[in-house]
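Numbering (this note's numbering), first residue to last: 4 to 81. Each residue gets a CB set at the ideal place from its N, CA and C atoms; glycine is no exception. Worksheet: the structure to be examined is printed underneath.
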Amino acid sequence: MDSAVTSKGQMTIPKAIRDHLGLHPGDRVKFFLHPDGSVVLLPKLPVTALRGIVKAGPRAVTTEEMTEAVAAGATGRR
């Protein structure tokens, strides 16, 4: 696949590439230049795309539980 660059520096990403990357009108892309001269084009994902990839941790500790833990540590109780 190939694409021409216009006099304004614009080009059309071939449909097969847009489909493969899941690009839609208005989406943004990032270009990465590697030391060997190759260029990688990747979709710039919104922060909302990261939702769900990190599992929830243990429940939050209350202020009272922290106070009790500090008191127990200070007196040597466990």
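From the options, residue whose alpha carbon lies closest to that of residue i
| i | options | result |
| --- | --- | --- |
| Leu-48 | His-23, Ala-59, Pro-28 and Val-32 | Val-32 |
| Gly-25 | Ser-6, Leu-45 and Val-50 | Leu-45 |
| Arg-21 | Ala-77, Met-4 and Leu-36 | Met-4 |
| Gly-29 | Pro-61, Val-8, Ile-16 and Ala-7 | Ile-16 |
| Val-43 | Glu-71, Thr-51 and Phe-34 | Phe-34 |
Strand pairing of residue i, partner residues [DSSP]
| i | result |
| --- | --- |
| Val-42 | Leu-36 |
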